[in-house]
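Note that the protein sequences, when read in sequence, are chains S and B.
For the first sequence, the working numbering begins at 1 and goes up steadily by one.
For the second sequence, the working numbering begins at 1 and goes up steadily by one.
Note that beta-carbon positions come from the ideal geometry of N, C-alpha and C, so glycine has one too.
On a predicted model such as this, the values are computed, not experimentally measured, just so you know.
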Amino acid sequence: MTDEATAAERAERIRRLQERRAGTSARTVTAASSTARGTAGTGTRSAPARSAKPRRRHPAAATRILLAGLSVASFLGIAGSVALANGAAQSASPAPVASTPAAAPPANATATVSPVQAATPVQAATPAQSATPAKATATVAPHAKTRGS
Amino acid sequence: MGAQTQIWWESARAAGIVAWALATLAVVGGLQLSTRLVRTPAPAWVLDVHRFVGGLAVIFTLVHMLGLLLDPFIGYGPLDLFVPFASAFKPTPVALGIVAFYLLLAVELTSLAMRKLPRRVWHGVHLSSYLLFVLATVHGITAGTDRHNAAFQWACLLASALVLFMTLVRILAPRRGSDRATRDRAAPDRASRG
Chain S
1 MTDEATAAER
11 AERIRRLQER
21 RAGTSARTVT
31 AASSTARGTA
41 GTGTRSAPAR
51 SAKPRRRHPA
61 AATRILLAGL
71 SVASFLGIAG
81 SVALANGAAQ
91 SASPAPVAST
101 PAAAPPANAT
111 ATVSPVQAAT
121 PVQAATPAQS
131 ATPAKATATV
141 APHAKTRGS
Chain B
1 MGAQTQIWWE
11 SARAAGIVAW
21 ALATLAVVGG
31 LQLSTRLVRT
41 PAPAWVLDVH
51 RFVGGLAVIF
61 TLVHMLGLLL
71 DPFIGYGPLD
81 LFVPFASAFK
91 PTPVALGIVA
101 FYLLLAVELT
111 SLAMRKLPRR
121 VWHGVHLSSY
131 LLFVLATVHG
141 ITAGTDRHNA
151 AFQWACLLAS
161 ALVLFMTLVR
171 ILAPRRGSDR
181 ATRDRAAPDR
191 ASRG
């Protein structure tokens, strides 16, 4: 009785092993046949199998492309938004403020011009603001030295 | 002032910001390599990205300088771009940017020639990237036209905090090499105990 049980167990174990091996070999056969089909499909039947394999890409190749694209997109985005902001600032600001810093006031109004009003063009010509082309005018004096170089 | 003349100025501003962001990313990548603060990305992948981002930072810095050179209003010449304190406009902040550019160039060139250089030399030059990050950030805050922009200010703050945190981890955390040495020393003891 026990011998029969052990024999049955052994047979069952052998059957499972054979099934597992068969499954593994079936997968191997499937993979091999698919590789062969791929090789035949490309028309390089005589070439060795490793030459038919696609060249292995670098692990970080996709990240490189992504980073380069993101950098260029950020560059264009920032430049575009700066240009838009400059355009909006130029359209919003009244033109005479920028174009009449040296305009002589009327004779009867000279006494009413306060120092603050008179200093407005000078304030607009400070280096920090003169570095922004949108705010800069052609008559900015302090930066004239570097403009010519 | 025409739109064409402003293109160079806007390009210079945008390229400067992008170059700073890329340099920050490269510094963070290098610190990640040395601290292994985050486990998930493989070190080889981080190293590759770190190198690539460093190269991109150099390219965008050159675009930044080219924009300044070609902008007709600011009127920078080669002397203003390459010699510290030669610029009449904000000499000190611009000089910080010039020194940061030279450091970036030194770090990049020594990294390219890493295999031909003694490791101590390469490492010494590479450590100057901390100074490079500080100089570039201060240059952006003091000389940049976008320094009043809230997004730029927040970016500077967050990037500085991240770099500072990772640097502290790098300094204070036990080194991996010493861990390995400790393990190696402990292994024979365990083996002898059986």
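Chain-ordered neighbours of residue i on chain B, where CB pairs are closer than 7 angstroms
i, result
"S:A88", "Near S:A88 there are no residues of chain B at all, since even the closest Cβ is about 13 angstroms away, more than 7 angstroms."
When the options are compared against residue i, the one with the closest alpha-carbon
i, options, result
"B:A23", "B:W154, B:A143, B:V125 and B:F101", "B:F101"
"B:L70", "B:L105, B:H50, B:L104 and B:R13", "B:R13"
"B:G16", "B:V94, B:V107 and B:A161", "B:V94"
"B:L131", "B:K116, B:I98 and B:A143", "B:I98"
"B:V125", "B:R115, B:S111 and B:L135", "B:S111"
"B:V163", "B:I7, B:Q6 and B:A26", "B:A26"
"S:I65", "B:Y76, B:A159 and B:D48", "B:D48"
"B:H139", "B:P91, B:P72 and B:E108", "B:P91"
"B:L135", "B:I141, B:H64, B:L96 and B:R115", "B:L96"
"S:A62", "B:G67, B:G77, B:V46 and B:M65", "B:V46"
"B:L68", "B:L168, B:A155, B:A143 and B:H148", "B:A143"
"S:L76", "B:W8, B:L105, B:A155 and B:A173", "B:W8"
"B:G54", "B:F133, B:P78, B:N149 and B:L172", "B:F133"
Interface partners of residue i on chain B, CB under 9 angstroms
i, result
"S:T63", "W45, D48, V49 and F52"
"S:A68", "F52 and L56"
"S:A8", "Neighbours of S:A8 on chain B: none; closest Cβ ~43 angstroms, over 9 angstroms."
Under 7 angstroms from the C-beta of residue i: neighbouring residues of chain S
i, result
"B:E10", "A79, V82 and A83"
"B:A15", "F75"
"B:L278", "Since the first and last residues shown for chain B are 1 and 194, residue 278 of chain B lies out of range."
Residue i: contacting residues in chain S (beta-carbon distance under 8 angstroms)
i, result
"B:V18", "S71, S74, F75 and I78"
"B:F60", "S71 and F75"
Under 8 angstroms from the C-beta of residue i: neighbouring residues of chain B
i, result
"S:A92", "Result: empty, since nearest Cβ-Cβ is about 16 angstroms, beyond 8 angstroms."
Rounded distance between the beta-carbons of residue j and residue i, thought under 8 angstroms
i, j, result
"B:I74", "B:F52", "Contact doesn't hold; Cβ gap of about 31 angstroms is too wide."
"S:A68", "B:L56", "7 angstroms"
"S:A83", "B:E10", "5 angstroms"
"B:L103", "B:S128", "5 angstroms"
"B:T35", "B:R170", "5 angstroms"
"B:L37", "B:M166", "6 angstroms"
"B:Q6", "S:N86", "6 angstroms"
"B:T195", "B:S160", "Because chain B is modelled from 1 through 194, residue 195 of chain B falls outside the range shown and cannot be assessed."
The ligand FMN heavy atom lying under 8 angstroms from the CB of residue i
i, result
"B:A14", "Absent from the structure shown: the ligand FMN. Ligands present: none."
Proximal chain D residues relative to residue i, where beta-carbon distance stays under 8 angstroms
i, result
"S:A11", "Checking the listed chains, one finds no chain D in this structure; the protein chains it contains are S and B."
(message) Closer than 8 angstroms is the cut-off here; do at least three beta carbon pairs connect the stretch 59-68 of chain B with the stretch 12-27 of chain B?
(response) With the cut-off at 8 angstroms, the stretch 59-68 of chain B and the stretch 12-27 of chain B touch.
(message) Would you call the stretch 25-34 of chain B in contact with the stretch 85-92 of chain S, where contact means no fewer than 3 C-beta pairs closer than 8 angstroms?
(response) In this structure the stretch 25-34 of chain B does not lie against the stretch 85-92 of chain S, because fewer than three pairs of beta carbons, one per stretch, are closer than 8 angstroms.
(message) With three or more C-beta pairs closer than 8 angstroms as the rule, is the stretch 78-88 of chain B touching the stretch 116-128 of chain B?
(response) Taking a cut-off of 8 angstroms on C-beta distances, the stretch 116-128 of chain B does not touch the stretch 78-88 of chain B, as fewer than three cross pairs fall below it.
(message) At 3 residues or longer, what runs of the beta strand (DSSP E) sit wholly inside the stretch 63-106 of chain B?
(response) Qualifying beta strand (DSSP E) stretches: none in this window.
(message) Quick check for students: name the residue ranges of the alpha helix (DSSP H) that lie wholly in the stretch 110-164 of chain B, counting only runs of 4 or more.
(response) As far as the stretch 110-164 of chain B is concerned, its whole alpha helix (DSSP H) runs of at least 4 residues are 119-127 and 129-143.
(message) To test your reading of the DSSP string, which unbroken beta strand (DSSP E) runs of 3 or more residues are found completely within the stretch 8-65 of chain B?
(response) With a minimum length of 3 residues, there is no unbroken run of beta strand (DSSP E) contained wholly in the stretch 8-65 of chain B.
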